[in-house]
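Numbering (the UniProt record's numbering), first residue to last: 1 to 397. The beta carbon of each residue, even a glycine, is placed where N, CA and C say it ideally should be.
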């Protein structure tokens, strides 16, 4: 009996998916058909695969491929994996380049894409996705944390603008408008017009309690004196908005702190040794673990570097080869951020890494370029620790 591999190309959409089933010789076993994104549609897909196989199939006899389309693919990938079907998730950029290599015509339909993905699946040796529940949980939390931090950053920028309008002199006292103590003060007294007429004991109590005693009566008197001389005009509407903005920032701080607690638990449960690297805390470690997933999918540190989009682009034509090229930045933006941040923090907490960064800067490289080189060094260390499950050894790394 001749063994035949079955390849399923799936074009993902919100409410329905288009599928095509090919043999390993690209023979069409089932022309393109559509299925709804529900349990009946998933059952239709499994029945179609069984029909193409001539009955039930064993694990490894069927491979499915689809484009990375965010959350729309999550349920069908989980379903396929639960039914013993290895699923490869392709970068949309790779699919688009493959499309261009096949034809110069501008033809793009869901049915054509399903066929294209199936043919790409046959021609490539891409590793199948092996999503674990634990990894998906961590990735979801990490990305949600990113969205909350982004919201908070915007609100803090708005907050600074409101302070410029309602108490522009505050910065001259060396007080950060978005620090917890200043926000506590401005939440109760939103603007110079309120601070200038408040009771000094009230202002002292607010500053002292919110700064844990760092600021006392002396600071309160300086702030009130500055408020009386302020050029700002009273604006009740803007004062209300600033007070409400501070409430939103405080709420986001609580939500982010709660997520940090969950991520810390996830990192501890994973048993990773990444946090043994000086400068790498549970927050950075959680993003790295979540985005990488199974380290065994990467055969080398170079491939992990490419996945993060940290490898340099190459340009060569004739006798010309570019010496200065930009970072590719086509991989996981979240992983790239975590590694770049991790490299920066390592340079602050690890003498060997600081010396390496300083060496690159002395060679004439821009700080960001030098940090990119340090990031590649960190990637090699991360790859080794995850592969071998070893603690960081400063004598080796």
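Looking at residue j and residue i, is the spacing between their C-beta atoms short of 7 Å?
i	j	result
residue 206	residue 185	yes
residue 52	residue 6	yes
residue 342	residue 379	no
residue 170	residue 245	no
residue 308	residue 271	no
residue 347	residue 335	no
residue 220	residue 203	yes
residue 242	residue 162	yes
residue 345	residue 293	no
residue 34	residue 4	no
residue 122	residue 26	yes
residue 143	residue 259	no
residue 256	residue 392	no
With burial defined as no fewer than 16 other Cβ atoms inside 10 Å of the residue's Cβ, what is the status of residue i: buried or exposed?
i	result
residue 28	exposed
residue 88	buried
residue 395	exposed
residue 17	buried
residue 200	exposed
residue 387	exposed
residue 59	exposed
residue 172	exposed
residue 350	buried
residue 218	exposed
residue 373	buried
residue 338	buried
residue 315	Since pLDDT at residue 315 reaches only 46, below the 50 mark, its modelled position is unreliable, and no value is offered.
Going by CA-CA distance only, name the one from the options that's closest to residue i.
i	options	result
residue 65	114, 42 and 272	114
residue 76	58, 142, 247 and 8	8
residue 403	139, 377, 257 and 340	The question about residue 403 has no answer, for the chain in this structure spans 1 to 397.
residue 83	70, 61 and 71	61
residue 116	135, 136 and 94	94
residue 289	382, 306 and 31	382
residue 182	198, 159 and 197	159
residue 209	389, 92, 37 and 180	180
residue 261	141, 157 and 63	141
residue 79	55, 38, 54 and 275	38
Item to check | Segments assigned alpha helix (DSSP H), at least 4 residues, entirely inside the segment 28-97 | outcome: DSSP runs (the alpha helix (DSSP H)) wholly in the segment 28-97: 39-53 and 74-82.
Item to check | Three-pair Cβ contact test at 8 Å for the segment 95-102 versus the segment 235-252 | outcome: Three or more Cβ pairs closer than 8 Å define a contact, and the segment 95-102 falls short of that threshold against the segment 235-252.
Checklist entry - Do three or more CB pairs link the segment 143-160 to the segment 294-311 at distances below 8 Å? => result No, because fewer than three Cβ pairs between the segment 143-160 and the segment 294-311 fall closer than 8 Å, the two stretches do not touch.
Next on the checklist: Under 8 Å, with one C-beta from each stretch per pair, do the segment 109-126 and the segment 12-21 reach the 3-pair mark?
Outcome noted: Between the segment 109-126 and the segment 12-21 there are three or more C-beta pairs closer than 8 Å, enough to call the two in contact.
Item to check | Entirely enclosed alpha helix (DSSP H) segments - the segment 256-314, minimum 4 residues | outcome: Segments of the alpha helix (DSSP H) lying fully in the segment 256-314: 282-292 and 301-307.
Checklist entry - Are the segment 181-197 and the segment 215-234 touching by the rule of at least three beta carbon pairs closer than 8 Å? => result Touching, yes.
Next on the checklist: Which runs of the alpha helix (DSSP H) at least 4 residues long sit entirely within the segment 207-256? Give them in chain order.
Outcome noted: Taken in chain order, the complete alpha helix (DSSP H) segments of 4 or more residues contained in the segment 207-256 are 217-228.
Item to check | Entirely enclosed beta strand (DSSP E) segments - the segment 369-397, minimum 3 residues | outcome: DSSP runs (the beta strand (DSSP E)) wholly in the segment 369-397: none.
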